[in-house]
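Written below as structure tokens is the structure these notes are about.
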Amino acid sequence: IGDRSTGKSAIALDAIINQKGGDLVCIYVAIGQKAGKVAQTLGMLEQFGAMEHTIIV
1 IGDRSTGKSA IALDAIINQK GGDLVCIYVA IGQKAGKVAQ TLGMLEQFGA
51 MEHTIIV
């Protein structure tokens with residue numbers, strides 16, 4: 001939902017990364033994204049240690 005190139009994914013990733021240490025699970029849904037972009041997102045989440053509490057669909 002929302003216009004293209006408005007930073008929705010960046011805000012979502014920042015929110016996921018900042019939940020580190022909390023008692024919750026984050027789910028990032030990458031429907032319609034290219035495989036390269038999903039791989040880049042995965043790498044960023046791994047770099048910040050956020051994959052411990054994140055599921056990518």
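Start counting the sequence shown at 1; every next residue gets the next number (our numbering).
We treat Cβ as the ideally placed atom computed from N, Cα and C, and that holds for glycine.
All values reported here derive from a predicted model rather than from experimental measurement.
One Cα belongs to I56, the other to V29, and the distance between them is close to 6 Å. When the five nearest sequence neighbours on each side are left out, the beta carbons in the same chain lying within less than 6 Å of the beta carbon of I16 are those of C26, A50, T54, in order along the chain. Listed in chain order, the non-local C-beta contacts of K8 below 7 Å within the same chain comprise G2, local neighbours out to five positions each way being set aside.
Sixteen is the threshold: since fewer than 16 other Cβ atoms of the shown chains lie within 10 Å of the Cβ of L24, the residue is exposed. In this structure, the straight-line span from the alpha carbon of A35 to that of G21 is close to 28 Å.
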